[in-house]
Amino acid sequence: MGQKRDEIAREQEYFDHAEHRRKLMRQSAGGLAGAGAHPGADADLKRHGKKQQESLGADDEAVAFGRIDLDGDDRFYIGKHLIREPGSDPLVIAWQAPAARPYYQATPQETMGVTRKRTFECTGNHIDDLADVVFAEAAIASGPDAALLAELSRQRTGRMRDIVRTIQAAQYELIQHPPEHLLVIEGAPGTGKTAIALHRLSWLLFHKHVKDILVVGPHPTFTRYIELVLPGLGNDQVSQVDIGRLAPEVRRGRREAEPIRRIKGDARMAGLLARALEARIGVAEPAERLNADGRFVTLPGTLINEAVAASRSGGGPYAVRRMAFRDRLLGLLAERGVNARIDTLLNRLWPQLTPAGFLRDLFNSRDRLLAAAGADFTAEEVGLLRRRAADRLSEEVWSRDDLPLLDEVEHLLAGGPTRYDHVVVDEAQDLSPMQLRSIARRNATGSLTVVGDLAQSTGVWAHDSWAEVIEHLPSAKAHVLRQLHIGYRVPAQVFDFVRPLLAVAAPGAPSPQVIRRGPADPVVHKVSAEQRAGRVATLAQQHAVENRFVGIVCPGSLRLEVEEALAANGISWSSADRGELGRAINLVSPQEAKGLEFDAVIVAEPQEIVAADPRGLRLLYVAMTRTIGHLDVVCAGEPLPLKTTYRQPSTVDKTATAPALAHQIAAMLRIHPDWRRVLDEATRLLSARRE
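In this text, residue positions in the sequence shown follow the numbering used here: the first is -7, and each later residue adds one.
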């Protein structure tokens, strides 16, 4: 024990010296401001200095997390950032550097010249403990090391942490995978897919393989959960958004039936929108009269239509071709030596449009929809797309599936959005073709990292093969699929519990090799329907008292009950449907739970989760695999309802009397999986009755 204390003391001296050098480097970088020869150069130096400071990490961060000793007495300390001593070898090398590779990939069987691997446990830059793996010792075999197990058991905080200290060899291989591919990373819950993708970005940036990067997540809560990983690695210039933020900013919240959602997500919609937009370009009258300073000048319709045709075929976005038509109109007038007003004619023949205005008018017109549909859509499908427009454009409420259509229209109107060298797409197995098109048009090179798990594919556009996803992404580069087989996060007891569910939810899907046991076996709480919400609240409070990060995965049919029970017991909670993810108790839907992890998970009424969605078994699998430690299942029905069938959602009878309507609403709110939509619809109907 005394020998270890002495070794920690020696290492602390090294850490203190490296920290001193880091402070000097940070001060030197800050001194670049004001050193420029002119204001422009000074601004560039200031930006460069700020970037250098940020690349050195935070003041309270350990300078290193590991060390490797090599044959011949060479030694490297490894951290998140490079720390140099002038005129000598680096004090600490960055984890992405080639020299750090053996730290992640050396094994007792393939040592890569490593004799010792040391990991540090630190609070700030103070070393609390260290652990060694001496490769020459026969006792060192295979299996997870102590540092990895300690990291996996650490309490969660509501934000994903980086894994640079515990990256495993198979993970590192994917992190350094060359960017010349569209890389698909597939793995079961807890295999580290998202962490690998984010660390791959940091590695690509470090080696200057890419410059501009976009990360697309499935929902706002997930984006907030992962948003600190890359800045913590010194990469704070990466754009991170959820899939809904790729569209123009509009009023959101419309709920739609699954058949409508299915149509709107179909790639056929791209052709419909393009044809509908071209149809907005008109035809001139045989003779058009224009006001020229109080007198009228006439232009032959044939000449104007020739200008329309030339501009239409000129290529480019709608707005660019409109400007070309405007210039041709002005040219026709200039040939006649007159200066007339053309705005009225221009707007009639080639109207100026916005994405929201165009799509609102299209959905409001059966004739326009039928004309644009052509032979690609049936009359029934066109009828599903048709909807009455709000009185004002600002009052129009848009659905989640309208958003990629708005993005498509914006692209048709004004041209492509900002494009990135590399794009990461998480939970890609659930994205519709139209959502994938939104992502594809933001990628400049064909280099992407696509992350997901087909066994967790749910929703209207759940995919059962990666070919269905890749079909709508750039194809300039080769496609490579890599599967992860080791489960790090989810305890063995939990996977043993859910394995029968996985076999039914996704037949043939491989079960991961789980490397750790959790602190407790899953617990099933069989209660009456009246007791469910109260038991959920009690369990959540018990876990929170133990300082556990808690996730309550609740179907829509029980949401009100659970919220009322939490409130009645004075329990504060965060709600994922508002993009929140607090540090204690969190209420999430099965859909919102994807990609998240908690110390303790409480799954409320599995039977309702399964019955509420065509892929309900997979949603339940997602819900039960969010934990790193504790799993509680609270139910009046079956804890693993392997044969429960999907219950088609009910709809409100709009012709019912007000009392009957109120009775319907009360009943549906108890069972409906999408109760918020029902409540919105019912409120609108009751308001209309009063009017």
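A virtual CB, placed ideally from N, CA and C, is assigned to each residue, including glycine. Just so we're clear, the structure is a prediction, and the values are computed from it rather than from any experiment.
Use the C-beta contact count for residue i: other C-beta atoms within 10 angstroms, 16 or more gives buried, fewer gives exposed.
| i | result |
| --- | --- |
| V275 | exposed |
| E5 | exposed |
| P651 | Per-residue confidence for P651 stands at a pLDDT of 47, beneath the threshold of 50, marking its modelled position as unreliable; no derived number is given. |
| H118 | exposed |
| G562 | exposed |
| Q88 | buried |
| E538 | exposed |
| G306 | exposed |
| H12 | exposed |
| T290 | exposed |
| R59 | buried |
| D65 | exposed |
| T149 | exposed |
| P90 | exposed |
| P499 | exposed |
State yes or no: is the beta carbon of residue i nearer than 7 angstroms to at least one beta carbon in chain D?
| i | result |
| --- | --- |
| N561 | The structure shown contains no chain D; it is built from a single protein chain. |
With a CB to CB cut of under 7 angstroms and the five nearest residues on each side skipped, what residues in its chain are close to residue i?
| i | result |
| --- | --- |
| V528 | I544, V554, A557, I594, A596 and V626 |
| D63 | G105 and T107 |
| H464 | A259, P425, L428, R429 and A432 |
| H201 | P171 |
| L376 | P251, I252 and I255 |
| L361 | L354, V374, L377 and R378 |
| P347 | P240, L398, V401, E402 and L405 |
| V687 | Nothing can be reported for residue 687: it is not among the residues displayed for the chain, which extend from -7 to 683. |
| E77 | R13 and L83 |
| S303 | R313, A316, F317 and R320 |
| P633 | P598, Q599 and V602 |
To which residues of the same chain is residue i closer than 6 angstroms at the C-beta, ignoring the five residues directly before and after it?
| i | result |
| --- | --- |
| R540 | D591 and A592 |
| A92 | I70 and I85 |
| T158 | A139, L140 and E143 |
| H622 | A512 and A592 |
| A130 | Legend: pLDDT at A130 = 44, less than 50; position of this residue unreliable, no value from coordinates given. |
| P466 | A432, N435 and G438 |
| P181 | V482 and T617 |
Specify the secondary structure class of residue i as computed by DSSP and reduced to three states.
| i | result |
| --- | --- |
| E597 | coil |
| L473 | strand |
| T215 | helix |
| Y69 | strand |
| H201 | coil |
| S391 | strand |
| F541 | coil |
| F127 | coil |
| G28 | Because G28 carries a pLDDT of 49, less than 50, the predicted location of this residue cannot be relied on, and the following value inherits that uncertainty. Note: G28 maps to coil in three-state DSSP. |
| L351 | helix |
| G245 | strand |
| L612 | helix |
| E688 | Any property of residue 688 remains undetermined from this structure, which presents the chain solely from -7 to 683. |
| H622 | strand |
| E373 | helix |
| Y412 | strand |
| N435 | strand |
| N339 | helix |
| D81 | coil |
| D11 | The residue you asked about is not Asp; residue 11 is Glu in the sequence shown. Correct three-state label for E11: helix. |
| S520 | coil |
| T346 | coil |
Candidates the options: which alpha carbon is nearest residue i's?
| i | options | result |
| --- | --- | --- |
| H211 | L264, V580, R110 and D8 | V580 |
| R411 | Q421, N435 and L397 | N435 |
| I462 | I218, D137, V442 and A332 | V442 |
| E419 | C114, G209, H73 and F198 | G209 |
| R267 | Y480, I507 and L354 | L354 |
| L476 | I188, E(-1) and P278 | I188 |
| H199 | I167, L16 and R216 | I167 |
| R110 | R358, R67 and D81 | R67 |
| A364 | I296, V452 and A262 | A262 |
| A128 | S449, L122 and Q101 | Q101 |
| R272 | E372, W342, P292 and V233 | W342 |
| R491 | L48, L612 and R287 | L612 |
Might you give, ordered along the chain, the residues of its own chain that have their beta carbon closer than 8 angstroms to the beta carbon of residue i, omitting 5 neighbours on each side?
| i | result |
| --- | --- |
| T637 | A603 |
| V542 | A532, H535, A536, A576, I577, N578, F590, D591, A592, V593 and I594 |
| R380 | N356 |
With hydrogens ignored, establish whether the beta-carbon of residue i is closer than 6 angstroms to any heavy atom of the ligand HEM.
| i | result |
| --- | --- |
| P292 | In terms of ligand content, the structure shown is empty, and the ligand HEM therefore cannot be addressed. |
Contact between the region 270 to 288 and the region 325 to 343 (3+ Cβ pairs under 8 angstroms): yes
contact_flag[the region 226 to 243, the region 325 to 332] where n(CB pairs < 8 angstroms) is 3 or more: no
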